[in-house]
Amino acid sequence: MFLYLCCIEEKPPKRRQMPNQRRIRKIDAPPKIEGFKPVGIKMRQLDKVVLLYEEYESIRLIDYENMNQEEAAERMNISRPTFTRIYKKARQAIAKAMVEGKAIIIEGGTYTTENYWARCKRCSRITTAATPLSHCPHCHSSDLNNLHQPE
Numbered sequence: 004m005f006l007y008l009c010c011i012e013e014k015p016p017k018r019r020q021m022p023n024q025r026r027i028r029k030i031d032a033p034p035k036i037e038g039f040k041p042v043g044i045k046m047r048q049l050d051k052v053v054l055l056y057e058e059y060e061s062i063r064l065i066d067y068e069n070m071n072q073e074e075a076a077e078r079m080n081i082s083r084p085t086f087t088r089i090y091k092k093a094r095q096a097i098a099k100a101m102v103e104g105k106a107i108i109i110e111g112g113t114y115t116t117e118n119y120w121a122r123c124k125r126c127s128r129i130t131t132a133a134t135p136l137s138h139c140p141h142c143h144s145s146d147l148n149n150l151h152q153p154e
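Under my numbering, residues 4 to 154 are what the sequence shown spells out, in order.
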């Protein structure tokens, strides 16, 4: 009869891995509009669905610019799995608004851009520029609402 002796090797406790630092999503340009609403219903009577700027950008890159997800993720400076999650959330928000008759408001999110964004309070156009704007290039009004400053 043989006797087997084995040593039990103690493993160090598993260390919890730190998640990767959240990357700020890069947006090329702001949407030309603030949102959408169903025809024939006043805005104040509607429930709203918020579409974040990075969700809007994912829809623009895939469905308008016809990029694949890998290209779009690279353009936004995020991983492809992160891009997929953002894109899925955007499509769900749009579907909910369409099916349930809700307004879509495009705002907020975790994003950065290389340009300054401003909306003219007179003509409502959004303008982007490398330097801060003092007046609207379309109607020359100085009444601007700054939407974003590059970081």
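Ideal Cβ placement from N, Cα and C applies to all residues, glycine included.
Thinking residue i and residue j are a contact (beta carbons under 8 Å), I'd like their distance in whole angstroms, please.
{"i": "Thr130", "j": "Pro140", "result": "6 Å"}
{"i": "Lys105", "j": "Leu147", "result": "The pair is not a contact, with the Cβ atoms about 30 Å apart (cut-off 8 Å)."}
The beta strand (DSSP E) that contains residue i, what's its start and end?
{"i": "Ile108", "result": "106-109"}
{"i": "Arg47", "result": "Unbroken run through Arg47: none, as it is neither H nor E."}
{"i": "Glu59", "result": "Looking at the sequence shown, residue 59 is not Glu but Tyr. Note, Tyr59: premise wrong, no beta strand (DSSP E); alpha helix (DSSP H) at 56-62."}
{"i": "Arg122", "result": "119-123"}
Nearest by alpha-carbon distance to residue i: which of the options is it?
{"i": "Gly38", "options": "Glu73, Met101, Arg25, Asp31", "result": "Met101"}
{"i": "Gln24", "options": "Thr85, Pro33, Gly43, Glu73", "result": "Thr85"}
{"i": "Pro135", "options": "Ser127, Pro153, Arg128", "result": "Pro153"}
{"i": "Lys29", "options": "Ala75, Val42, Arg94, Ile36", "result": "Ala75"}
Just curious, the alpha helix (DSSP H) that residue i is in, first and last residue?
{"i": "Arg88", "result": "83-103"}
{"i": "Phe132", "result": "Before going further, note that residue 132 is Ala rather than Phe in the sequence given. Per DSSP, Ala132 belongs to no alpha helix (DSSP H); it is in the beta strand (DSSP E), 129-132."}
Would you kindly check if the distance between the Cβ of residue j and the Cβ of residue i is under 9 Å?
{"i": "Ile107", "j": "Val52", "result": "yes"}
{"i": "Tyr114", "j": "Ile44", "result": "no"}
{"i": "Pro34", "j": "Ile109", "result": "yes"}
{"i": "His138", "j": "Ser144", "result": "yes"}
Touch check for the region 107-124 and the region 64-72: three-plus C-beta pairs under 8 Å?
-> Not touching, per the Cβ criterion.
Would you say the region 49-65 touches the region 77-90, given that touching needs at least three Cβ pairs under 8 Å?
-> Enough Cβ pairs lie closer than 8 Å, so yes.
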